[in-house]
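Participant: Going letter by letter, the sequence shown gives residues 8 to 141 in this note's numbering.
I have a structure here, written as structure tokens, and I will follow up with some questions on it.
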Amino acid sequence: MKKKRTPKPLRIPVTQGLVDQMGQTMHFALLGMQHGDNSVTNWKKVARTLLTISVASDYNVRVTHQDKVSVDDCIIVLRVIADRELETGSWRAHRIELCKLAEGILAAERMLPKLDYRLLADAYRDIEHALEHL
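Written out as structure tokens, the structure is:
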């Protein structure tokens, strides 16, 4: 009896347009933080985008370990900023934190073309669902 062939799942790459859009979102938010906009808006834009990319890249062998660590370190920095806001009432990031955020954003941009669009969309939906319940 001949074994039936199981097709490999089709990988839908992230388009360059989406890479550009997500990159702009993160870079403009970081630019706002660098120029003293200490509102939660910029923090949320960076956090939401980086969390989505981090979740979508889990177990992806095409993503380098160094880039994954940079993005995850960036998420930890965002957590530190959020914890500081509880004490000070300001979303202000320190210079060293801004450098770490920039490194994480650049790593995220390198990771995006290596991701599957469906996994990215699922990660975004999961992040949005989790944020609704906070």
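The C-beta atom is built at its ideal place from N, Cα and C for all residues, glycine as well.
Every value quoted in this text rests on a predicted model; they were computed, and no experiment measured them.
Cutting at 6 Å between CB atoms, please list the residues of its own chain near Arg99, excluding the five before and the five after it.
Facilitator: Same-chain partners within the cutoff: Asn45.
Participant: Just reading off the alpha helix (DSSP H) that His34 is part of, what are its end residues?
Facilitator: Gln23 to Gln41 is the extent of the alpha helix (DSSP H) around His34.
Participant: Run through the DSSP bridge pairs and tell me what Leu123 is partnered with.
Facilitator: A small correction: the amino acid at residue 123 is Asp; Leu does not occupy that position in the sequence shown. Beta-bridge pairing links Asp123 to Pro20.
Participant: Have a look at Val53 and Val70 and give me their C-alpha separation to the nearest angstrom.
Facilitator: Approximately 20 Å between the Cα atoms of the pair.
Participant: Where Phe35 and Tyr66 are concerned, what is the direct C-alpha to C-alpha distance, given to the nearest angstrom?
Facilitator: Using only the alpha carbons, I get a separation of about 29 Å.
Participant: Rounding to the nearest angstrom, what Cα-Cα distance links His136 and Lys9 in this structure?
Facilitator: Rounded to whole angstroms, His136 to Lys9 spans 44 Å at the Cα level.
Participant: Using a Cβ-Cβ cut-off of 7 Å (strictly less than) and excluding sequence neighbours within five positions of Glu92, which residues of its own chain qualify?
Facilitator: Within the same chain, Glu92 has close Cβ partners Trp98.
Participant: Could you check the C-alpha separation between Arg86 and Thr13 for me, to the nearest Å?
Facilitator: Cα to Cα, the separation comes out at about 43 Å.
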